[in-house]
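Last residue of the sequence shown: number 339 in my numbering, and the count goes up by one each step with no gaps.
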Amino acid sequence: VILHEDKKYYPSALEVYGPEVETLVQEEDAQPLTQPLIEPVRRKKFAYTEASIPTTTYDPEFLADLMDCPELIRNVVLCGHLHHGKVCPKFFLN
């Protein structure tokens, strides 16, 4: 009959890591309570404005605020092989 106190469920640190490794068991936290475990995500605020901007139908402040929400930005790509007419749709838009 083996008593509950005599059962060995997990190997010791010496058996796991070997005799050449020093293991420390600390009872108190080294991190202060004022510091969170996971730092909050800091939102970046872009404040770059160009002095000589050509006239557009969009407000430059709207475009600067759009950079704060990258999930609202839509990009369009026309890709293809060299000399296969990727520039031709540009002439139709002008």
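Quick reminder that beta carbons are idealized off the backbone N, C-alpha and C, glycines included.
Quantities reported herein were computed from a predicted structural model and do not represent experimental measurements.
Judged by their CB atoms, Pro334 and Leu327 are not nearer to each other than the 9 Å cut-off. DSSP places Phe307 in the helix class (H, G or I) of the three-state scheme.
In the three-state DSSP reduction, His249 falls in the helix class (H, G or I).
Rounded to whole angstroms, Ala292 and Pro315 show a C-alpha spacing of 15 Å. Annotation note: the stretch 252–290 contains the following uninterrupted alpha helix (DSSP H) runs of length 4 or greater, listed N- to C-terminal: 258–262.
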